[in-house]
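Residue numbers (this note's numbering): 80 to 516. First up is the structure itself, then whatever we jot down about it.
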């Protein structure tokens with residue numbers, strides 16, 4: 080089937096501003112993120128179903144462990160990327176995680192339903208959930224120019240959402256036939272698919288995309304500085320990166336509050352029922368997200384600018400939390416969760432990734448994983464314990480948590496507006512907001 084007759088090609092051309100010479104790279108990028116997201120979302124329902132087996136305190140400790148492992152993983156990644164050629168690192172990340180999930184399959188086959196293995200799996204999948212996507216977007220931000228990123232990232236993000244639909248749909252349809260344990264092998268196999276795609280995209284960078292001199296050429300023979308902790312120091316000393324970190328912190332508060340309340344509400348169900356419900360929630364989220372991204376996201380950024388794009392979902396969350404406060408029911412909470420996560424996938428995440436098109440290679444390859452994993456998981460830890468304290472010390476129920484969430488969402492709006500203005504000023508060269516100070 081030629082590109083001219085390919086339905087996906089026609090859909091992309093009809094709904095986004097994709098030039099003819101960019102189509103092949105866009106389709107490959109779409110396919111790349113599709114398979115890695117499908118791999119993750121096959122694992123995610125099983126991971127989330129486990130959370131109801133533990134108390135708030137136990138889950139908070141698991142999130143603390145996730146933060147520690149994330150920090151260690153980023154430190155190791157920083158050391159490796161300082162010494163190993165880039166063309167080895169990117170496929171190596173996916174091979175490494177594929178082997179790790181095959182290892183969990185062996186452990187599950189040997190030890191059965193072991194609580195320690197379940198806890199390790201929960202933590203490790205949480206590390207993977209950020210790392211695999213962070214590395215992908217790092218590659219994308221060095222593959223496309225700033226102008227291309229504005230037009231194409233929303234289209235590529237649809238691939239992520241399509242994969243996020245395919246994963247839970249696969250679980251829903253084939254969980255009984257294949258078995259939950261065998262899903263680990265399916266996920267591990269999918270993680271090997273991007274390896275040839277990476278090589279082809281690198282070829283297209285300098286040919287059809289015309290970005291041979293693009294900053295952040297990930298797969299060339301260049302090496303970065305040898306300091307494995309440069310990502311941490313760059314983050315701490317850069318105002319622009321610190322604002323991105325604050326934006327993520329406030330986003331995580333939204334995620335944590337809803338996640339903890341949902342897991343408590345589903346606690347009376349057995350694990351198989353919980354897995355199915357989490358999969359169905361994921362499915363609804365990503366169906367909504369994919370339509371939003373196809374018909375709104377790309378045009379939203381170009382028409383209204385980065386400030387309004389980043390602030391849209393935080394603004395909606397103020398209203399969402401107030402609705403939950405007025406009607407603190409499971410159905411209301413699920414509705415807000417669907418809108419929040421769909422908006423994140425379709426609007427907030429692509430916009431956030433565009434922020435990194437203005438930074439240099441050292442920052443992109445070392446500081447971005449710090450933000451996407453350590454800062455994110457550190458925020459998880461802080462907000463998990465914050466939530467636990469609100470519930471245990473102050474006795475807040477869902478309505479009280481929702482009021483606190485609305486206040487945090489308002490702060491998130493202000494942060495989004497300021498960060499968007501920094502991006503726009505840096506892009507036009509009117510400010511040194513992104514300089515290291």
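We put the beta carbon where it would ideally sit given N, CA and C, even for glycine.
- Counting only runs of at least 4 residues, the segment 408–451 fully encloses the following alpha helix (DSSP H) elements, listed from N- to C-terminal order: 409–422, 428–433.
- Cβ neighbours of residue 131 within its own chain (closer than 6 Å, five residues either side excluded): 342, 345, 346, 353.
- Taking every protein chain shown into account, the CB of residue 222 has 16 or more other CB atoms within 10 angstroms, so this residue is buried.
- Taking a 10 Å sphere around the C-beta of residue 183, we find 16 or more other C-beta atoms and assign the residue as buried.
- C-alpha of residue 425 to C-alpha of residue 225: approximately 19 Å in a straight line.
- Counting only residues of its own chain and dropping the five nearest sequence neighbours on each side, residue 116 has a CB closer than 6 Å to the CB of 239, 242, 243.
- Between residue 201 and residue 129, the C-beta gap is smaller than 9 Å, which places the two residues in contact.
- The continuous stretches of alpha helix (DSSP H) do not include residue 97, and DSSP gives it neither H nor E.
- The closest CA to that of residue 389, considering only 431, 419, 366, is found on 431.
- The continuous alpha helix (DSSP H) containing residue 242 extends over residues 225–257.
- For the pair residue 154 and residue 327, the CB atoms are not nearer than the 9 Å cut-off.
- With fewer than 16 other Cβ atoms inside 10 Å of its own Cβ, residue 175 counts as exposed.
- The beta carbons of residue 487 and residue 270 sit no closer together than 9 Å.
- Put simply, the backbone Cα of residue 286 is about 45 Å away from that of residue 338.
- Taken through DSSP and simplified to helix, strand or coil, residue 133 comes out as coil.
- Residue 445 sits close to residue 160, with the two beta carbons spaced by under 9 Å.
- Counting along the chain, the unbroken alpha helix (DSSP H) around residue 496 starts and ends at 477–507.
- Taking the Cα positions, residue 484 is about 35 Å away from residue 172.
- In this structure, residue 248 lies away from residue 355, with their beta-carbon atoms at least 9 Å apart.
- Check the Cα spacing between residue 324 and each of 147, 453, 168, 443: the tightest is with 453.
- Spanning the alpha carbons of residue 489 and residue 392 requires a straight line of approximately 11 Å.
- For residue 351, the enclosing alpha helix (DSSP H) stretches over residues 350–371.
- Under the 10 Å beta carbon count, residue 178 is surrounded by fewer than 16 other beta carbons and is classified as exposed.
- Around the C-beta of residue 278, fewer than 16 other C-beta atoms lie within 10 Å, and the residue is accordingly described as exposed.
- Residue 193 counts as exposed, since fewer than 16 other beta carbons sit within 10 angstroms of its beta carbon.
- Bounds of the alpha helix (DSSP H) holding residue 197 are 194–222.
- Excluding residues up to 5 positions away in sequence, 337, 340, 341, 344, 403, 477 lie with their Cβ nearer than 8 Å to the Cβ of residue 412 in the same chain.
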